[in-house]
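Residue numbering for the first sequence follows this note's numbering, starting at 74 and increasing by one per position. Okay, structure first, notes after.
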Amino acid sequence: MHEKREKSSDLPPLPDAEGGVVMRFAPNPSGPLHLGHARASILNDYYVRRYGGSYIYRIEDTDPKRVVPEAYEMVREDLEWLGIAISDIVYQSDRLGIYYEYARRIIGIGGAYVCTCEAERFRELKLAKKACPCRDLTVEENLLRWEQMLDGTFIEGEATVRIRTEIDHPDPAIRDFSAMRIVNTTLHPRVDATVYPLMNFSVAIDDHLLGMTHVIRGKDHIANTRRQKYIFDYFGWKPPHYLHYGRMSIEGLVLSTSSMHQGIADGTFTGWDDIRLGTLRAMARRGIRPEAVRAAVIEIGCGGTDISFSWDNLFAKNRELIDKGSDRYFFVQDPVHLTVKDGPEQTAHAPLYPGDEERGYRTITFNGEILIPGKEMEGNDLIRLKDLFNIRVTGENTAVYAGDSLTEIRAAKGPIIQWLPPDQTVPCRILTPEGIISGVCEAGVAGCVGETIQFERFGFVRIDAVADGCVTAYFTHR
RNA sequence: GCUGAUAUAGUGUAGUCGGUCAAUCAUGUAGGACUCUCACUCCUACGACUGGGGUUCAAAUCCCCAUAUCAGCACCA
């Protein structure tokens, strides 16, 4: 029993890992981290923790057009929130000199050439398995061209360094892919440069130089892995072990950073932490705990199958984490006013957490006037005001005291609902992915900013802010 | 089109050397117990090996074909 439980929470072992591993998380700094990044960073983190070793956070900022300067800081915050144990940070933009050196070397040994064909022209040749004229240049000519890329003789789009593979390789994705290019129309926020490595080149060089032993990444990189192996081969390096996990789609969510970016720009979203986005900061704001994300990701594992991420599974893990720590309060959605006749003056003592009196009680004093959720009026005439007494609805806005008996209400199968006296509430709006729900809640909620609480019979929420006496909450989950 | 990866219940996962798998665990759904919440806890039920061949005494597990899904074929990562 115990063995099984442990087994299911353990991911399969990694080859050649017993002596420790060196792994990496290598995002492009184009925005904050989202669920997809969480998977990559957590899976790698899991194995580094399991086997020991180091975990390098490598910032792949070699495309000046795709660098969002604020992202450097956002990513670091997100990793911290996730609890990723980073041992080193490497900026690829600091390492351009290294890439230049290795580019020169690989050209020098005939493993690459400088191509001046137009991209479209090369593409046609490649698909026809035909070499372009540049491929036959001598090493000396290529080295000269390489110097000309660096000294500005060539400008953006005029030359690219290609790794020599097999021009008739069965997989067109492999044939003579690019390794270095010129970008002089966009400035890089961190460095002054015009020649940049393409991902496959810088990744291969760094994976070797930084001593990577294992690489876990999405299967969209399978072709890149094959390409990078050419570079390892040319230099005589031993490549790391690779593991490719499947694509992950998320129910009702757009994960692409660029579309999120656009949505924020045009006002569709309020920001990177808009509740409708799959960013980690959005989830944090909703009251999702990083441990829940980690548990969900570990459970998904490294399988190569394409999966659709289910919020239900994440929510279940989160509920397990936050339930005990979340105090209970009343929230009355779409309040309807009722005047209750003949009700005895009573004060309700509702536990902050049922089953644990030690945590204390909220006191709500009945004074003849109450607000109840509008939808509870439908089809119900006998209603139990939770922790108070029963009432019988007699009209649009009137009701009459109907005794204290709890057994009676149960026998009648009447609902036991939340309620509040109008003078003991604060307005409250709850932001959900589907829209805003408004109502009133207990005044005590105003003291819970930053915490997750549970609105009874409604669900868990995180109290985000209190302004002008009005509570703003984010819906976590039921 | 070419190259490759994957295919277990609504969702996620276990099952890696074929038999002990009419298939694990979680989530979900339904019902029940408990409870002054539709939460928590507990019980019960429901629900899957993509299809077709083959190898074998025996296949979810091996082989082949088909189908489906996804990815790559960028001077993005």
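Beta carbons are placed, not taken as given, at the ideal position from N, Cα and C, and that holds for glycine.
Going by beta carbon distance, what residues of the same chain come within less than 7 Å of residue i, once the five residues before and after it are set aside?
i, result
"residue 142", "262"
"residue 76", "Reliability fails at residue 76, whose pLDDT of 29 lies under 50, so the model's placement of it is uncertain and no value is given."
"residue 195", "188 and 205"
"residue 493", "403, 405, 437, 443, 444, 513 and 515"
"residue 365", "387, 390, 391 and 394"
"residue 154", "353, 357 and 363"
Going by beta-carbon coordinates alone, are residue i and residue j separated by less than 7 Å?
i, j, result
"residue 309", "residue 525", "no"
"residue 125", "residue 93", "yes"
"residue 148", "residue 106", "yes"
"residue 444", "residue 495", "yes"
"residue 446", "residue 405", "yes"
"residue 216", "residue 180", "yes"
"residue 427", "residue 434", "no"
"residue 506", "residue 349", "yes"
"residue 482", "residue 465", "no"
"residue 351", "residue 108", "yes"
"residue 621", "residue 238", "With the chain covering 74 to 551 only, the question about residue 621 has no answer from this structure."
"residue 236", "residue 303", "yes"
"residue 485", "residue 455", "yes"
"residue 183", "residue 140", "no"
"residue 490", "residue 451", "no"
Between the Cα of residue i and those of the options, spot the shortest distance and give me the residue it belongs to.
i, options, result
"residue 110", "167, 449, 322 and 176", "322"
"residue 387", "415, 376 and 356", "356"
"residue 169", "151, 137 and 91", "137"
"residue 381", "330, 370 and 331", "370"
"residue 228", "517, 269, 207 and 210", "269"
"residue 377", "317, 87 and 419", "317"
"residue 164", "462, 469 and 102", "102"
"residue 320", "520, 190, 416 and 290", "290"
"residue 89", "200, 313 and 477", "313"
"residue 399", "527, 551 and 301", "527"
"residue 401", "241, 340, 520 and 462", "520"
"residue 408", "511, 547, 113 and 455", "511"
"residue 243", "272, 265, 200 and 282", "200"
Identify, in the order they occur along the chain, each residue of the same chain with its Cβ nearer than 6 Å to the Cβ of residue i, setting aside the five sequence neighbours on each side.
i, result
"residue 315", "288 and 298"
"residue 267", "255 and 257"
"residue 538", "545"
"residue 374", "84"
"residue 198", "205"
"residue 130", "98, 159 and 162"
"residue 95", "126, 127, 284, 285 and 286"
"residue 230", "none"
"residue 509", "502"
"residue 462", "477"
"residue 135", "165, 269, 270 and 275"
Apart from the five residues just before and just after residue i, which ones in its own chain have a Cβ nearer than 8 Å to its Cβ?
i, result
"residue 78", "Only weak support is given to the placement of residue 78: the predicted model assigns it a pLDDT of 29, under 50, and the question is left unresolved by the model."
"residue 80", "Confidence at residue 80 is low in this model, with a pLDDT of 36, below 50, so its placement is unreliable and no value can be given for it."
"residue 158", "118, 121, 122 and 128"
"residue 540", "none"
"residue 176", "185, 219, 234, 252, 253, 270 and 274"
"residue 558", "With the chain running from 74 to 551 in the structure shown, residue 558 is simply not present."
"residue 276", "99, 133, 297 and 301"
"residue 280", "97, 288, 301, 312 and 313"
"residue 431", "none"
"residue 74", "Reliability of the predicted coordinates at residue 74 is poor, the pLDDT of 23 falling under 50, and the value obtained from them is presented with this limitation in mind. Hits under 8 Å: none found."
On the premise that residue j lies in contact with residue i, defined as a C-beta separation below 8 Å, what is that separation, rounded to the nearest angstrom?
i, j, result
"residue 460", "residue 422", "7 Å"
"residue 133", "residue 100", "7 Å"
"residue 274", "residue 252", "4 Å"
"residue 530", "residue 549", "That belief does not hold up - the Cβ atoms of residue 530 and residue 549 are roughly 15 Å apart, past 8 Å."
"residue 471", "residue 414", "7 Å"
"residue 210", "residue 173", "Not a contact, Cβ separation roughly 19 Å."
The beta strand (DSSP E) that contains residue i, what's its start and end?
i, result
"residue 471", "471–474"
"residue 446", "442–446"
"residue 491", "Premise fails: residue 491 is in no beta strand (DSSP E) and is neither H nor E."
"residue 204", "Looking at the DSSP string, residue 204 is not in any beta strand (DSSP E), and its letter there is neither H nor E."
"residue 253", "251–255"
"residue 537", "532–540"
"residue 528", "525–528"
"residue 515", "508–515"
"residue 412", "408–414"
"residue 321", "321–323"
For the alpha helix (DSSP H) that residue i lies in, which residues bound it at each end?
i, result
"residue 281", "272–282"
"residue 373", "363–373"
"residue 170", "169–181"
"residue 303", "295–308"
"residue 267", "Looking at the DSSP string, residue 267 is not in any alpha helix (DSSP H), and its letter there is neither H nor E."
"residue 482", "479–484"
"residue 145", "142–155"
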